[in-house]
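Per this note's numbering, residue 66 is the first one in the sequence shown, and the count goes up by one each step.
Backbone N, C-alpha and C fix where the C-beta goes; we use that ideal spot for every residue, glycine too.
All remarks here apply to the structure that follows.
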Amino acid sequence: MKYWHIFLAFFIPGILGYGGGPASIPLVENEVVRRYEWMSVQDFSEMLALANSLPGPIATKMAGFIGYDEGGVLGAFVGVFAAVAPSLIIMILLLGVLYKYKDSSKVKRLTQYVRPVIAILLGVMAWRFFQESYDGVGLWQTALITVSSYLLIERMKVHPAFVIAAALVYGGLFLG
């Protein structure tokens, strides 16, 4: 049953997460944190930060990490397979249809309608992470990390992986 839950935790977001890995992050968070309670919001945000610093698709990294954490090597395999299975199935079944209608104005409009929804879901998740951080380490530490990260990434053009690594070191030294 554990492996079935791992499968569902990543297969359902894979189906509903139109737009790829970033679109499925809030859906995976809902499954992992709220539905199955495998992680806290804090643990999920730390896992997400670490996964974002590594190369490759975010959905498979999350699935591999959480699957391994919950079910060992087989759990990691089940999680990664579940994360890629929806795309694989859809590509096999609908490749001809998608190719035929790829330039359709209706398909382009659908994409335009879905993007704001994804942005809102990511915004809500970011707000929850901020609230959890505020509750855990306080306003000043949260503000310091947020402002520093913004300045480093947006103004100084430091690669996000280095900023995440620095935040992890800072958290380990001063917040641990």
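Quick one: give me the first and last residue of the alpha helix (DSSP H) that residue i is part of.
i: Trp192; result: 170 to 202
i: Phe109; result: 106 to 118
i: Leu81; result: 67 to 81
i: Pro225; result: 225 to 235
Taking residue i as the reference, which of the options has the closest Cα?
i: Ala116; options: Ser105, Phe142, Pro87; result: Pro87
i: Pro91; options: Val212, Ser170, Phe195, Leu187; result: Leu187
i: Gly121; options: Val145, Tyr68, Trp205; result: Val145
i: Trp205; options: Arg180, Phe239, Ile183, Met190; result: Phe239
i: Pro76; options: Met66, Val93, Leu216; result: Sequence check: residue 76 is Phe here, not Pro. It is Val93 whose Cα lies nearest to the Cα of Phe76.
i: Gly237; options: Val182, Ile210, Leu217; result: Ile210
i: Trp69; options: Glu96, Gly82, Leu81; result: Glu96
Could you tell me the distance, in whole angstroms, from the CA atom of residue i to the CA atom of residue j?
i: Leu73; j: Ile131; result: 13 Å
i: Thr176; j: Gln107; result: 32 Å
i: Gly102; j: Ala208; result: Here residue 102 turns out to be Glu, not Gly, going by the sequence shown. C-alpha separation (whole angstroms): 28 Å.
i: Val162; j: Leu119; result: 34 Å
i: Tyr166; j: Leu160; result: 10 Å
i: Lys67; j: Tyr133; result: 12 Å
i: Glu219; j: Pro225; result: 10 Å
i: Met127; j: Val223; result: 24 Å
i: Ser105; j: Gln196; result: 13 Å
i: Arg100; j: Met156; result: 29 Å
i: Val212; j: Val189; result: 19 Å
i: Val179; j: Val149; result: 20 Å
i: Ala232; j: Leu217; result: 11 Å
i: Ala191; j: Pro151; result: 26 Å
i: Leu81; j: Met221; result: 36 Å
i: Val98; j: Arg174; result: 33 Å
i: Ile154; j: Tyr235; result: 43 Å
Indicate whether residue i and residue j have their beta-carbon atoms separated by less than 8 Å.
i: Gly137; j: Val143; result: no
i: Gly129; j: Ala147; result: no
i: Val202; j: Ser214; result: no
i: Ser110; j: Phe194; result: yes
Our contact map puts residue i next to residue j with C-beta atoms below 8 Å; I'd like the distance itself, whole angstroms only.
i: Ala114; j: Gly79; result: Contact flag wrong, Cβ pair sits at about 22 Å.
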